[in-house]
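Visitor: Here the protein sequences line up with chains U and Z, keeping their order. Residues in the first sequence are numbered from 34 upward in steps of one, following this note's numbering. Residues in the second sequence are numbered from 34 upward in steps of one, following this note's numbering. Quick reminder that beta carbons are idealized off the backbone N, C-alpha and C, glycines included. Bear in mind that the values here come from a model prediction, so they are computed numbers and not experimental data.
Number of protein chains: 2
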Amino acid sequence: MRQSQLFTKTRKEAPADEVSKNAQLLIRAGFIHKEMAGVYSYLPLGLRVFNNIQQVIREEMNAVGGQEMLMTTLQEKDAWEKSGRWSDNVVDVWFKTKLKNDTELGLANTHEEPIAEIMKKHVHSYKDLPFSAYQFQTKFRNETRAKSGIMRAREFVMKDLYSFHTSVADLDLFYNTVAGAYSSIFNRVGLGDNTYMTFASGGAFSKYSHEFQTLCDAGEDIIYVHEDRKIAINKEVYTDEVLADLGIKKEELVEKKAIEVGNIFKLGTRFSEPLELSYADEAGNAQPVVMGSYGIGPGRVMGTIVELLSDDKGIVWPKEVAPFAVHLVRLGDSPDTVSSADALYKKLQAQKTDVLYDDRDLRAGEKFADSDLIGIPIRLVISDKTVAEDKVEVKMRGEGESSLISIDKVFELL
Amino acid sequence: MRQSQLFTKTRKEAPADEVSKNAQLLIRAGFIHKEMAGVYSYLPLGLRVFNNIQQVIREEMNAVGGQEMLMTTLQEKDAWEKSGRWSDNVVDVWFKTKLKNDTELGLANTHEEPIAEIMKKHVHSYKDLPFSAYQFQTKFRNETRAKSGIMRAREFVMKDLYSFHTSVADLDLFYNTVAGAYSSIFNRVGLGDNTYMTFASGGAFSKYSHEFQTLCDAGEDIIYVHEDRKIAINKEVYTDEVLADLGIKKEELVEKKAIEVGNIFKLGTRFSEPLELSYADEAGNAQPVVMGSYGIGPGRVMGTIVELLSDDKGIVWPKEVAPFAVHLVRLGDSPDTVSSADALYKKLQAQKTDVLYDDRDLRAGEKFADSDLIGIPIRLVISDKTVAEDKVEVKMRGEGESSLISIDKVFELL
Numbered sequence: 034m035r036q037s038q039l040f041t042k043t044r045k046e047a048p049a050d051e052v053s054k055n056a057q058l059l060i061r062a063g064f065i066h067k068e069m070a071g072v073y074s075y076l077p078l079g080l081r082v083f084n085n086i087q088q089v090i091r092e093e094m095n096a097v098g099g100q101e102m103l104m105t106t107l108q109e110k111d112a113w114e115k116s117g118r119w120s121d122n123v124v125d126v127w128f129k130t131k132l133k134n135d136t137e138l139g140l141a142n143t144h145e146e147p148i149a150e151i152m153k154k155h156v157h158s159y160k161d162l163p164f165s166a167y168q169f170q171t172k173f174r175n176e177t178r179a180k181s182g183i184m185r186a187r188e189f190v191m192k193d194l195y196s197f198h199t200s201v202a203d204l205d206l207f208y209n210t211v212a213g214a215y216s217s218i219f220n221r222v223g224l225g226d227n228t229y230m231t232f233a234s235g236g237a238f239s240k241y242s243h244e245f246q247t248l249c250d251a252g253e254d255i256i257y258v259h260e261d262r263k264i265a266i267n268k269e270v271y272t273d274e275v276l277a278d279l280g281i282k283k284e285e286l287v288e289k290k291a292i293e294v295g296n297i298f299k300l301g302t303r304f305s306e307p308l309e310l311s312y313a314d315e316a317g318n319a320q321p322v323v324m325g326s327y328g329i330g331p332g333r334v335m336g337t338i339v340e341l342l343s344d345d346k347g348i349v350w351p352k353e354v355a356p357f358a359v360h361l362v363r364l365g366d367s368p369d370t371v372s373s374a375d376a377l378y379k380k381l382q383a384q385k386t387d388v389l390y391d392d393r394d395l396r397a398g399e400k401f402a403d404s405d406l407i408g409i410p411i412r413l414v415i416s417d418k419t420v421a422e423d424k425v426e427v428k429m430r431g432e433g434e435s436s437l438i439s440i441d442k443v444f445e446l447l
Numbered sequence: 034m035r036q037s038q039l040f041t042k043t044r045k046e047a048p049a050d051e052v053s054k055n056a057q058l059l060i061r062a063g064f065i066h067k068e069m070a071g072v073y074s075y076l077p078l079g080l081r082v083f084n085n086i087q088q089v090i091r092e093e094m095n096a097v098g099g100q101e102m103l104m105t106t107l108q109e110k111d112a113w114e115k116s117g118r119w120s121d122n123v124v125d126v127w128f129k130t131k132l133k134n135d136t137e138l139g140l141a142n143t144h145e146e147p148i149a150e151i152m153k154k155h156v157h158s159y160k161d162l163p164f165s166a167y168q169f170q171t172k173f174r175n176e177t178r179a180k181s182g183i184m185r186a187r188e189f190v191m192k193d194l195y196s197f198h199t200s201v202a203d204l205d206l207f208y209n210t211v212a213g214a215y216s217s218i219f220n221r222v223g224l225g226d227n228t229y230m231t232f233a234s235g236g237a238f239s240k241y242s243h244e245f246q247t248l249c250d251a252g253e254d255i256i257y258v259h260e261d262r263k264i265a266i267n268k269e270v271y272t273d274e275v276l277a278d279l280g281i282k283k284e285e286l287v288e289k290k291a292i293e294v295g296n297i298f299k300l301g302t303r304f305s306e307p308l309e310l311s312y313a314d315e316a317g318n319a320q321p322v323v324m325g326s327y328g329i330g331p332g333r334v335m336g337t338i339v340e341l342l343s344d345d346k347g348i349v350w351p352k353e354v355a356p357f358a359v360h361l362v363r364l365g366d367s368p369d370t371v372s373s374a375d376a377l378y379k380k381l382q383a384q385k386t387d388v389l390y391d392d393r394d395l396r397a398g399e400k401f402a403d404s405d406l407i408g409i410p411i412r413l414v415i416s417d418k419t420v421a422e423d424k425v426e427v428k429m430r431g432e433g434e435s436s437l438i439s440i441d442k443v444f445e446l447l
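Put into structure tokens, the structure is as follows:
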């Protein structure tokens with residue numbers, strides 16, 4: 034895409050009403066727009082990153098056999114009353130609204146209840162199990178405060194996977210498979226080195242759930258990290274009993290701030306019993322379905338990447354989530370330079386490389402500042418100087434040094 | 034995908050609480066699930082169709098230069114008060130909710146106001162214009178009645194494109210370009226022959242807007258069709274003056290029921306003036322931005338396809354939107370037949386053909402009934418009989434006759 038066509042503009046100053054680094058940088062670079070605290074629109078560059086993260090998650094969910102679907106925001110109270118989660122006293126983040134006939138509706142903050150209702154129409158026998166289904170759908174949470182940019186939003190997309198089993202043993206197997214898929218996801222989006230599978234509180238059906246926590250000073254959680262074993266313990270379950278369970282000594286752990294970027298949870302029959310989601314076993318007896326749930330917010334992942342990987346000049350996107358693979362920057366407007374840059378742009382496009390082409394008539398300093406702020410991994414510069422040498426200047430966003438290479442080498446690099 | 038893995042089940046009977054054909058068939062075939070009147074979840078088969086329609090629209094919007102973005106559902110009242118559309122007396126389909134501090138919020142039923150607010154941060158000069166931006170985003174409309182299945186929903190995704198110009202003349206040019214893109218979209222999704230660009234009421238800035246109306250007995254609109262000129266007039270503007278404008282005589286028109294599957298509208302400065310979205314012209318004077326808006330609901334398109342193209346056995350999906358390209362049906366479970374069907378399944382997958390493989394142990398009658406109901410364009414049957422002849426039985430969903438062809442011919446057919 035030609036940058037002269039991109040409707041968003043960068044800003045030099047951070048917006049005065051944002052305290053989080055991710056919101057400041059993403060707004061300055063033109064990736065998002067703040068509607069109100071905790072509610073952000075995704076502009077073209079931001080949506081590209083968001084979609085890349087979503088696609089990584091989708092591929093890993095498909096790989097474990099997840100079937101993609103899409104549930105609704107509007108919710109009637111019946112199922113949520115059965116599970117005991119309709120009351121604002123129990124779940125304090127509900128947004129509620131009303132139909133014309135005064136029927137009260139809720140805006141879904143999670144989807145265990147609706148998916149259990151759906152599956153009552155499709156699960157009859159043990160032969161229908163196991164399987165899993167997931168969606169990317171907006172969740173609404175009426176947070177009292179929302180100061181962490183896109184890391185804790187009032188309206189945000191979540192990937193939620195739900196699994197359905199005949200037994201806890203079968204759930205346990207799948208749970209471990211999903212844990213592996215989650216590790217793959219965080220590796221692929223560039224957070225792997227800093228992300229720890231973390232023991233957290235479970236529910237009636239398992240002693241622990243697991244969170245995926247990324248070490249970051251902007252995090253709201255405190256975790257105790259065992260670096261050798263690449264696991265951690267959430268402060269909420271940091272007890273002698275848990276340490277004994279895991280065979281860990283206090284002195285092996287380091288206290289860190291972290292961001293919860295994903296979680297996996299054994300629900301057991303917590304929802305299938307009150308909602309009467311059952312299957313007929315081999316003897317024909319009705320049994321409650323055993324469930325698991327597994328969440329990741331692509332927007333929170335995106336915010337975490339910005340918090341963790343940006344520098345004083347702007348964002349440093351990992352390759353797999355970057356809005357474009359290449360930022361082609363043209364300096365000067367002499368005919369040779371323009372035609373040389375245009376030709377490289379067309380050649381990159383012909384090779385299906387995602388390229389942002391800065392064809393604007395601006396000073397070099399402004400262009401480089403924008404380029405650093407936007408954070409595309411590979412920057413190619415074409416100027417009168419490089420054209421004279423029949424070369425291209427290449428610089429990786431995270432690195433200090435640039436070098437001159439031939440046009441052919443550009444395509445080897447990609 | 035193996036059909037034995039697909040979690041959805043078909044149903045023989047239409048749900049008692051649905052009167053529309055699209056909802057009846059889509060629920061029976063396992064494409065959607067009804068949450069409440071006018072609120073439907075999309076199950077895996079339904080989401081595949083929905084995504085295919087969305088992708089056709091996306092490609093055509095990108096082709097006219099539209100930049101994809103994603104706005105929010107939650108809306109503060111300020112911008113809507115300025116445009117005069119906050120009051121429930123003016124817009125009677127609002128769903129409203131509240132933040133914890135009692136601030137009233139609306140759930141977006143359209144996005145002219147928020148996009149104008151966003152563009153105030155990015156449009157400064159005439160040099161920034163023209164451009165266009167679009168999204169696929171859920172709209173919420175508090176309809177009193179909702180009996181038309183996914184054709185008129187309370188919660189539904191809409192593709193809304195907005196364009197921004199310095200002049201009405203420039204808007205007019207782009208408007209005609211989008212009209213052409215809309216024709217391409219309806220042709221590609223299989224509705225072209227039955228869809229008419231229809232003159233409808235305009236606003237303060239243009240005498241007419243245009244709707245794309247698909248002829249269908251389930252439609253809620255009345256239009257007057259000029260078959261030779263492939264245009265129509267909506268009943269709401271069916272006057273002698275309009276007929277004179279268009280040089281059409283009453284006797285050339287036929288009255289028809291139709292479904293509005295898209296609309297395009299010249300907004301002029303209807304929103305940019307009250308919201309103060311302006312640009313500096315060449316002389317440096319502030320001028321209001323001239324806007325257009327262009328909508329299509331992929332869910333309504335999907336519902337219209339079902340209303341129009343289904344038969345007494347089920348749905349007949351056009352090729353470009355079908356959930357799968359091929360339905361491979363295995364009859365019998367003799368080792369030769371199973372290995373032959375498995376081999377064809379793998380070969381189709383290797384060639385990147387989207388194939389649903391009915392590997393279930395059911396009677397032929399049940400399998401064919403399911404296949405007709407689900408409506409995939411090409412059905413391939415492998416049975417003991419076809420294996421003995423080293424052939425495959427092929428049948429097109431919309432046609433009566435099947436024929437035996439060799440395996441090689443299958444790949445020529447695709």
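Closer than 9 Å, CB to CB, is U/T105 near chain Z or not?
Guide: To locate residue 105 of chain U, count along the first sequence from 1; it is residue 72. Closer than 9 Å to some Cβ of chain Z, the Cβ of U/T105 qualifies, so yes.
Visitor: Would you list the residues sitting across from U/A179 in a DSSP beta bridge?
Guide: The residue given as residue 179 of chain U occupies position 146 in the first sequence. DSSP lists no partner for U/A179.
Visitor: Using only the alpha-carbon positions, how far apart do Z/V201 and Z/D111 sit?
Guide: Within the second sequence, numbered from 1, the residue matching residue 201 of chain Z stands at position 168. Within the second sequence, numbered from 1, the residue matching residue 111 of chain Z stands at position 78. Distance between the alpha carbons of Z/V201 and Z/D111 is about 27 Å.
Visitor: Per DSSP, what kind of secondary structure is Z/F169 in: helix, strand or coil?
Guide: What you label residue 169 of chain Z is simply residue 136 of the second sequence in a count that begins at 1. In the structure shown, Z/F169 sits in a strand (DSSP, three-state: E or B).
Visitor: Name, please, each residue of chain Z whose Cβ falls closer than 7 Å to the Cβ of U/N175.
Guide: Taking the first residue of the first sequence as 1, we reach residue 175 of chain U at position 142. Neighbours of U/N175 in chain Z, taken as residues whose beta carbon is under 7 Å from its own, are L132, K133 in chain order.
Visitor: Would Z/D254 and Z/E293 be called neighbours here (beta carbons separated by less than 9 Å)?
Guide: Here residue 254 of chain Z is taken as the residue at index 221 of the second sequence, counted from 1. Here residue 293 of chain Z is taken as the residue at index 260 of the second sequence, counted from 1. Yes. Within cutoff.
Visitor: In chain order, which beta strand (DSSP E) runs of at least 3 residues are fully inside the segment 257-298 of chain Z?
Guide: 264-267
Visitor: For Z/Q38, which beta-bridge partners are listed by DSSP?
Guide: Residue numbering aside, residue 38 of chain Z sits at position 5 when the second sequence is read from its first letter. Paired residue(s): none; Z/Q38 is not in a bridge.
Visitor: Would you say Z/E244 and Z/A237 are within 9 Å of each other, going by their C-beta atoms?
Guide: Residue numbering aside, residue 244 of chain Z sits at position 211 when the second sequence is read from its first letter. Residue numbering aside, residue 237 of chain Z sits at position 204 when the second sequence is read from its first letter. Cβ distance not < 9 Å, so Z/E244 and Z/A237 don't count as in contact.
Visitor: Rounded to the nearest angstrom, what separates Z/P368 and U/H66 at their Cα positions?
Guide: Sequence index remark: in the second sequence, residue 368 of chain Z carries index 335 (1-based). Sequence index remark: in the first sequence, residue 66 of chain U carries index 33 (1-based). Spanning the two alpha carbons is a distance of roughly 60 Å.
Visitor: Helix, strand or coil: how does DSSP classify U/V359 here?
Guide: Locating residue 359 of chain U in the first sequence gives position 326, where the first residue counts as 1. DSSP places U/V359 in strand when its eight states are reduced to three.
Visitor: Could you give the distance in angstroms between the alpha-carbon of Z/K154 and the alpha-carbon of U/K42?
Guide: Taking the second sequence and counting its residues from 1, the one referred to as residue 154 of chain Z is at position 121. Taking the first sequence and counting its residues from 1, the one referred to as residue 42 of chain U is at position 9. Going from the Cα of Z/K154 to the Cα of U/K42 covers about 8 Å.
Visitor: Decide if the segment 197-212 of chain U is in contact with the segment 161-169 of chain U; the criterion is three or more beta carbon pairs, one per stretch, under 8 Å apart.
Guide: yes
Visitor: If you measure between the beta carbons of Z/G223 and Z/W119, is that distance less than 9 Å?
Guide: For this step, residue 223 of chain Z is matched to residue 190 along the second sequence. For this step, residue 119 of chain Z is matched to residue 86 along the second sequence. Cβ atoms of Z/G223 and Z/W119: not closer than 9 Å.
Visitor: For Z/K282, is the classification buried or exposed, using 16 other Cβ atoms within 10 angstroms of its Cβ as the cut-off for buried?
Guide: On the second sequence, residue 282 of chain Z is found 249 positions in, with the first residue counted as 1. Exposed, since its Cβ has fewer than 16 Cβ neighbours within 10 Å.
Visitor: What are the start and end residues of each continuous beta strand (DSSP E) run of 3 or more residues lying completely inside the segment 299-361 of chain Z, in chain order?
Guide: Here the runs fully enclosed are 311-313, 319-321, 323-329.
Visitor: For U/S181, collect the residues of the same chain with a Cβ closer than 6 Å to its Cβ; drop the 5 residues on either side in sequence, then sort them by chain order.
Guide: As a first step, residue 181 of chain U is located in the first sequence; it is residue number 148 there, counting from the start. Hits under 6 Å: S53.
Visitor: Is it a yes or a no for the segment 88-105 of chain Z touching the segment 132-142 of chain U, going by three-plus beta-carbon pairs under 8 Å?
Guide: no
Visitor: Which word fits Z/V87, buried or exposed, when buried means at least 16 other C-beta atoms lie within 10 angstroms of its C-beta?
Guide: By 1-based counting over the second sequence, the position of residue 87 of chain Z is 54. At residue 87 of chain Z the sequence reads Gln, which differs from the Val that was named. Looking at its Cβ environment, which holds 16 or more other Cβ atoms inside 10 Å, Z/Q87 is buried.
Visitor: Would U/E309 count as contacting chain Z if we go by Cβ distances under 9 Å?
Guide: Position 276 of the first sequence, counted from the first residue, corresponds to residue 309 of chain U. U/E309 is outside the set of residues whose beta carbon lies under 9 Å from a beta carbon in chain Z.
Visitor: Closer than 7 Å by beta-carbon distance: list the chain Z residues that pair up with U/A166, in chain order.
Guide: Here residue 166 of chain U refers to the residue found at position 133 of the first sequence. Result: F40.
Visitor: State the Cα-Cα distance for the pair Z/L206 and U/H157, rounded to the nearest angstrom.
Guide: Residue numbering aside, residue 206 of chain Z sits at position 173 when the second sequence is read from its first letter. Residue numbering aside, residue 157 of chain U sits at position 124 when the first sequence is read from its first letter. Going by the C-alpha atoms only, they are around 57 Å apart.
Visitor: By how many angstroms is the C-alpha of U/K352 removed from the C-alpha of U/G433?
Guide: Taking the first sequence and counting its residues from 1, one reaches residue 433 of chain U at position 400. Taking the first sequence and counting its residues from 1, one reaches residue 352 of chain U at position 319. Cα to Cα, U/G433 sits roughly 17 Å from U/K352.
Visitor: Is Z/A186 closer than 9 Å to Z/G317 when the C-beta atoms are compared?
Guide: Counting from 1 along the second sequence, the entry for residue 317 of chain Z is found at position 284. Counting from 1 along the second sequence, the entry for residue 186 of chain Z is found at position 153. For Z/G317 and Z/A186, no; Cβs fall outside 9 Å.
Visitor: Taking only beta carbons into account, state which residues of the segment 254-287 of chain Z come closer than 7 Å to chain U, listed in chain order.
Guide: none
Visitor: What are the start and end residues of the alpha helix (DSSP H) that includes Z/T231?
Guide: Residue numbering aside, residue 231 of chain Z sits at position 198 when the second sequence is read from its first letter. No alpha helix (DSSP H) holds Z/T231; the beta strand (DSSP E) holding it covers 228-236.
Visitor: Is the beta carbon of U/Y229 less than 9 Å from the beta carbon of U/T247?
Guide: Stepping through the first sequence from its first residue, residue 229 of chain U is reached at position 196. Stepping through the first sequence from its first residue, residue 247 of chain U is reached at position 214. Yes, Cβ-Cβ distance for U/Y229 and U/T247 is below 9 Å.
Visitor: Which residue marks the beginning of the beta strand (DSSP E) containing Z/L389, and which one marks its end?
Guide: Start at 1 with the first residue of the second sequence, and residue 389 of chain Z comes out as number 356. Per DSSP, Z/L389 belongs to the beta strand (DSSP E) from 388-391.
Visitor: With distance defined between alpha-carbon atoms, name the residue in Z/I218, Z/E176, Z/A62, Z/S305 nearest to Z/D125.
Guide: Here residue 125 of chain Z refers to the residue found at position 92 of the second sequence. Of Z/I218, Z/E176, Z/A62, Z/S305, the residue nearest in Cα terms is Z/E176.
Visitor: Answer yes or no: does any C-beta atom of chain Z fall closer than 9 Å to that of U/E188?
Guide: Working through the first sequence from its first residue, we reach residue 188 of chain U at position 155. At least one CB of chain Z lies nearer than 9 Å to the CB of U/E188.
Visitor: Three-state secondary structure (DSSP) at Z/G398?
Guide: Stepping through the second sequence from its first residue, residue 398 of chain Z is reached at position 365. Z/G398: helix per DSSP, three-state reduction.
Visitor: First and last residue of the alpha helix (DSSP H) that includes Z/R91?
Guide: Working through the second sequence from its first residue, we reach residue 91 of chain Z at position 58. Where Z/R91 is concerned, the enclosing alpha helix (DSSP H) stretches over 77-96.
Visitor: Looking at chain Z, is there any beta carbon in it that lies within less than 9 Å of the beta carbon of U/Y215?
Guide: Counting from one through the first sequence, the residue named residue 215 of chain U turns up at place 182. No, no contact with chain Z.
Visitor: Run down chain B in chain order and give the residues with a C-beta less than 8 Å from the C-beta of U/S305.
Guide: Reference to chain B is not applicable here, since the protein chains of this structure are U and Z.
Visitor: In terms of residues, what are the limits of the alpha helix (DSSP H) holding Z/L381?
Guide: Residue numbering aside, residue 381 of chain Z sits at position 348 when the second sequence is read from its first letter. Element bounds for Z/L381: 368-383.
Visitor: Between the Cα of Z/S305 and the Cα atoms of Z/L364, Z/F444, Z/G117, which residue gives the shortest distance?
Guide: For the purposes of this step, residue 305 of chain Z is taken as residue 272 along the second sequence, with counting starting at 1. Z/S305 has its Cα closest to that of Z/G117, out of Z/L364, Z/F444, Z/G117.
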